[in-house]
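Comments concern the structure below.
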Amino acid sequence: MRRAQIIRWFVLLVLALLWFTPLASLVLYSFAPPAEVLKGGFVPTQWTLQNYWTVLTDTTRGVSVPQGLANSTIIMVCQVVGILLLDIPAAYAFARMRFIGRDVIFILVLATMMMPGVLDIISLYDLMANLGLINTLAGVILPGLPRVIGIFILRQFFLEIPREMEEAARMDGATDFQIFTRIMVPLAWPSIMTVAVITALYSWNNFLWPLIVTNSPEAMPVPVVIAYLSADTTAVLNYTVILAAAFVTSLPMILLFMLGQRWIVSGMRPSSGIK
Amino acid sequence: MARQRAKVLPYLMAGPYILMFAIFAAYPVGRAIYMSLFDWGIFGPNAFVGVANYLSLFGDRRFWSSVGVTTAFAAIYVPMIVVASLLIAVLLHRRLPGITIFRTAFFIPIVINVAVAAIAFNWLLAPDVGFVDQVLRFFGLPGQRMLSQPGWALFAIAIVALWTQTGFMVVILLAGLENIPDDLYEAARLDGTRPFYDLIYITIPLLRPILLIVMVLSIVHAFQIFGEVFIITQGGPYGSTTVMTMLLYEEGFERFALGRAAAIGVVITIIIASLSFIQFRFFRRQV
Numbered sequence: 001m002r003r004a005q006i007i008r009w010f011v012l013l014v015l016a017l018l019w020f021t022p023l024a025s026l027v028l029y030s031f032a033p034p035a036e037v038l039k040g041g042f043v044p045t046q047w048t049l050q051n052y053w054t055v056l057t058d059t060t061r062g063v064s065v066p067q068g069l070a071n072s073t074i075i076m077v078c079q080v081v082g083i084l085l086l087d088i089p090a091a092y093a094f095a096r097m098r099f100i101g102r103d104v105i106f107i108l109v110l111a112t113m114m115m116p117g118v119l120d121i122i123s124l125y126d127l128m129a130n131l132g133l134i135n136t137l138a139g140v141i142l143p144g145l146p147r148v149i150g151i152f153i154l155r156q157f158f159l160e161i162p163r164e165m166e167e168a169a170r171m172d173g174a175t176d177f178q179i180f181t182r183i184m185v186p187l188a189w190p191s192i193m194t195v196a197v198i199t200a201l202y203s204w205n206n207f208l209w210p211l212i213v214t215n216s217p218e219a220m221p222v223p224v225v226i227a228y229l230s231a232d233t234t235a236v237l238n239y240t241v242i243l244a245a246a247f248v249t250s251l252p253m254i255l256l257f258m259l260g261q262r263w264i265v266s267g268m269r270p271s272s273g274i275k
Numbered sequence: 001m002a003r004q005r006a007k008v009l010p011y012l013m014a015g016p017y018i019l020m021f022a023i024f025a026a027y028p029v030g031r032a033i034y035m036s037l038f039d040w041g042i043f044g045p046n047a048f049v050g051v052a053n054y055l056s057l058f059g060d061r062r063f064w065s066s067v068g069v070t071t072a073f074a075a076i077y078v079p080m081i082v083v084a085s086l087l088i089a090v091l092l093h094r095r096l097p098g099i100t101i102f103r104t105a106f107f108i109p110i111v112i113n114v115a116v117a118a119i120a121f122n123w124l125l126a127p128d129v130g131f132v133d134q135v136l137r138f139f140g141l142p143g144q145r146m147l148s149q150p151g152w153a154l155f156a157i158a159i160v161a162l163w164t165q166t167g168f169m170v171v172i173l174l175a176g177l178e179n180i181p182d183d184l185y186e187a188a189r190l191d192g193t194r195p196f197y198d199l200i201y202i203t204i205p206l207l208r209p210i211l212l213i214v215m216v217l218s219i220v221h222a223f224q225i226f227g228e229v230f231i232i233t234q235g236g237p238y239g240s241t242t243v244m245t246m247l248l249y250e251e252g253f254e255r256f257a258l259g260r261a262a263a264i265g266v267v268i269t270i271i272i273a274s275l276s277f278i279q280f281r282f283f284r285r286q287v
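Order-wise, the sequence lines are chains A and B.
Heads up, the first sequence is in UniProt numbering, so the first residue is 1 and it goes up one at a time.
Heads up, the second sequence is in UniProt numbering, so the first residue is 1 and it goes up one at a time.
Quick look at the structure:
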């Protein structure tokens, strides 16, 4: 390696270690007995699985991590499936079909995407209260369904498919709907995966809306459960338990990261989304 | 018959999405503005008050304090993340032994939610026994108890936001770097320039549009910062981290002044929209 490369390598090493530190420390101390917290030092001297046992069995703090994991799983599955079912046909129609108001509606959809989430959080809460959906899983799930990013990514993809492909299929006697289901959807598979993965991420990690719409364990997803655990002042004595809860609830997303990194990255590139 | 169906099909395909969009996205946005014009309590509207919610906000010291705190936060956070993500993206751009592990270090916070990030940093910054205070002590410095000091607490929140968001910005910048042709760097190398000059004279000018996106996204993020504050400092110490979203939360869900809270949401939106607009105008002229 040349000198410049060696310098680059060392700068990266230092930065990467800095970036790993918060999670590394969290994971290490999630395997330590509670008393280790008060000892100081960078690595625990004793190890235990007790914190994980507590996290997965104890519900005495009023909120429960297993319930949170179940809620988050239901919310994620419903939002991923719901968004795909809504977005794939709609994006196709926006990209390749003509209907009244198409362009106006699409501009409205894009304009709403630019609005910050805090704008409608209050009115959404009021709407959900009127619909009787406070503290329900549906109350968490429904406002996530019109997310624009999926429409945007899929529409972009459908726009790029050449007309000839459609015309060839029509010559063979395929109907519009068959062209969509038999040709377009299979072609769009990589974009569909991207939308599925980034929706799963959003769904599992979303914090502000679930915090507002839930206030009892039956509907709380994991980030809200974690927030409640950390706000519990008696829990200060058991910080290692909170660390274990934080790690356990992050594992599904870390797994998703390892399996689906390329979908995550492609969903975040400017060409395929985000403005 | 076939023609008829062809005309109905697009409505069937786009209809369900448009319906969900209308109910859960467009309607709430309109209703937010509507609510901000009412004295609106937990059981619904009490009275139409026009712009009184806005006027009372502008006369409220707590509101101006939250504007100041949010602006200070943006002033700390935005330059930090632009510089850090540019540096990291440039360093990650070319092959190196172990680059996959380095990438993972910066990308993994993308999948970590704000509550977990807040827990991790709460632990790092814990008084005396936390990692940061221990490192300080190792160098013979006093522990800072960062989270209980007004000046430091906001900085700590910015560090948490930096940690969670940098990976996302690096992804965007890496996509931009790939579009810069290698010939430019090779030509520069033939002229005998140093890597630092490459950065100043080739990389940054050509990345300008992407850097603009990174900056706008970061400002938008800064003015909506919430989770980190809510979990780590709850707006304290002494209101020094009570950002505008925190005030919105307190007005809406602790004092149940929903009309006033909606007005704060509208104000945040106007600030974000104007800042984004100004940046696009300003930078477009310069490109």
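Glycine included, C-beta positions come from ideal geometry on N, C-alpha and C.
Tell me the rounded alpha-carbon separation between residue i and residue j.
i, j, result
"B:Ala2", "A:Ala196", "The predicted model places B:Ala2 with a pLDDT of 48, which falls under 50 and marks its position as unreliable, so this point remains unresolved."
"A:Met171", "A:Ile179", "11 Å"
"B:Leu206", "B:Phe196", "15 Å"
"B:Gln165", "B:Phe106", "9 Å"
"B:Arg255", "A:Trp189", "48 Å"
"A:Phe99", "A:Gly132", "35 Å"
"A:Glu218", "A:Gly82", "21 Å"
"A:Phe152", "B:Ala161", "26 Å"
"A:Leu12", "B:Ile18", "46 Å"
"B:Ile159", "B:Phe73", "10 Å"
"A:Ile264", "B:Gly167", "11 Å"
"B:Phe38", "A:Met128", "19 Å"
"B:Pro28", "A:Leu38", "48 Å"
"B:Tyr77", "B:Gly41", "35 Å"
"B:Phe138", "B:Asp60", "45 Å"
"B:Arg260", "B:Met35", "8 Å"
"A:Asp42", "A:Gly150", "One detail in the question is off: residue 42 of chain A reads as Phe in this sequence, not Asp. Using only the alpha carbons, I get a separation of about 43 Å."
"A:Ala91", "A:Asp176", "15 Å"
"A:Ile274", "B:Thr100", "For A:Ile274, the predicted structure reports a pLDDT of 36, less than 50, and the residue's modelled location is therefore unreliable. The matter cannot be settled from this model."
"B:Ile157", "B:Ile231", "10 Å"
"B:Val114", "A:Asn205", "7 Å"
"A:Tyr239", "A:Thr21", "17 Å"
"B:Leu258", "B:Val69", "22 Å"
"A:Phe106", "A:Leu26", "44 Å"
"A:Met114", "B:Ala126", "37 Å"
"B:Ser56", "A:Leu201", "39 Å"
"B:Asn179", "B:Ile172", "12 Å"
Show which residues of chain A have a CB atom less than 7 Å away from the CB atom of residue i.
i, result
"B:Thr245", "Val118"
"B:Ala25", "Thr112, Pro146"
"B:Leu195", "Note on identity: in this sequence residue 195 of chain B is Pro, with Leu being the wrong assignment. Here the neighbours are Ala4."
"B:Pro28", "Asp120, Ser123, Leu124, Leu127"
Mind reading off the beta-carbon distance from residue i to residue j? Whole number of angstroms is fine, and I expect it under 8 Å.
i, j, result
"B:Ala118", "B:Gly227", "7 Å"
"A:Thr48", "A:Phe31", "7 Å"
"A:Thr135", "A:Asn215", "Note on residue identity: the sequence assigns Asn, not Thr, to residue 135 of chain A. With a Cβ gap of about 6 Å, A:Asn135 and A:Asn215 count as contacting."
"A:Met253", "A:Gly68", "At roughly 14 Å, the Cβ-Cβ gap does not stay under 8 Å, so A:Met253 and A:Gly68 are not in contact."
"A:Gln5", "B:Leu217", "Actually they do not touch by this definition, with Cβ atoms about 31 Å apart."
"B:Phe283", "B:Leu212", "5 Å"
"residue 311 of chain A", "B:Thr269", "This structure does not reach residue 311 of chain A, given that chain A is present from 1 up to 275, and the question cannot be answered."
"B:Val111", "A:Leu256", "6 Å"
"B:Pro10", "A:Ala93", "5 Å"
"A:Leu112", "B:Ala25", "Leu is not the amino acid found at residue 112 of chain A; the sequence shown has Thr there. Contact flag correct, Cβ pair sits at about 5 Å."
"A:Ser203", "A:Gln79", "4 Å"
Just to make sure I have the definition right: I need the residues of chain A whose C-beta is within less than 8 Å of the C-beta of residue i. Which are they?
i, result
"B:Arg31", "Asp120, Ser123, Asp126, Leu127"
"B:Thr269", "Met115, Pro116, Val118, Leu119"
"B:Phe131", "Thr21, Ser25, Phe42"
"residue 288 of chain B", "A query on residue 288 of chain B cannot be resolved here, the shown segment of chain B reaching from 1 to 287 and no further."
"B:Ile101", "Ala16"
"B:Ala262", "Ile122, Ser123"
"B:Met35", "Ile122, Ser123, Asp126"
Going along chain B in order, which residues have a C-beta closer than 9 Å to the C-beta of residue i?
i, result
"A:Ser230", "Ala115, Ala118, Ile119, Asn122, Ile231, Ile232"
"A:Val11", "Leu87, Leu91"
"A:Met97", "Ala6, Leu9, Pro10, Met13, Ala14"
"A:Thr249", "Asn113, Ala115, Val116"
Against residue i, what residues of chain B qualify as contacts under a CB-to-CB distance less than 7 Å, listed in chain order?
i, result
"A:Trp209", "Residues of chain B passing the Cβ test: none, with the nearest at roughly 11 Å."
"A:Leu86", "Pro16, Tyr17, Met20"
Can you pull the chain A residues whose beta carbon is under 9 Å from the beta carbon of residue i, in chain order?
i, result
"B:Leu96", "Met1, Gln5, Arg8, Trp9, Leu12"
So with CB distances below 8 Å, who are the chain B contacts of residue i?
i, result
"A:Tyr92", "Met13"
Counting Cβ pairs, one atom from each stretch, are 3 or more of them under 8 Å apart for the region 118-137 of chain B and the region 43-62 of chain B? no
Select from the region 145-173 of chain B all residues with a C-beta closer than 9 Å to any C-beta belonging to chain A, and list them in chain order. Val160, Trp163, Thr166, Gly167, Phe168, Val171, Ile172
Mind listing which residues of the region 255-272 of chain A have their C-beta closer than 8 Å to chain B's C-betas, in chain order? Leu256, Phe257, Gln261, Ile264, Val265, Met268, Arg269, Pro270, Ser271
The region 210-240 of chain B: positions lying closer than 9 Å to chain A by Cβ: Ile210, Ile213, Val216, Leu217, Val220, Phe223, Gln224, Phe226, Gly227, Phe230, Ile231, Ile232, Gln234
Selection of the region 50-64 of chain B by Cβ proximity to chain A, strictly under 9 Å: none
Going along the region 216-229 of chain A in order, which residues come within less than 7 Å of chain B, judged by CB to CB distance? Pro223, Ile226, Ala227
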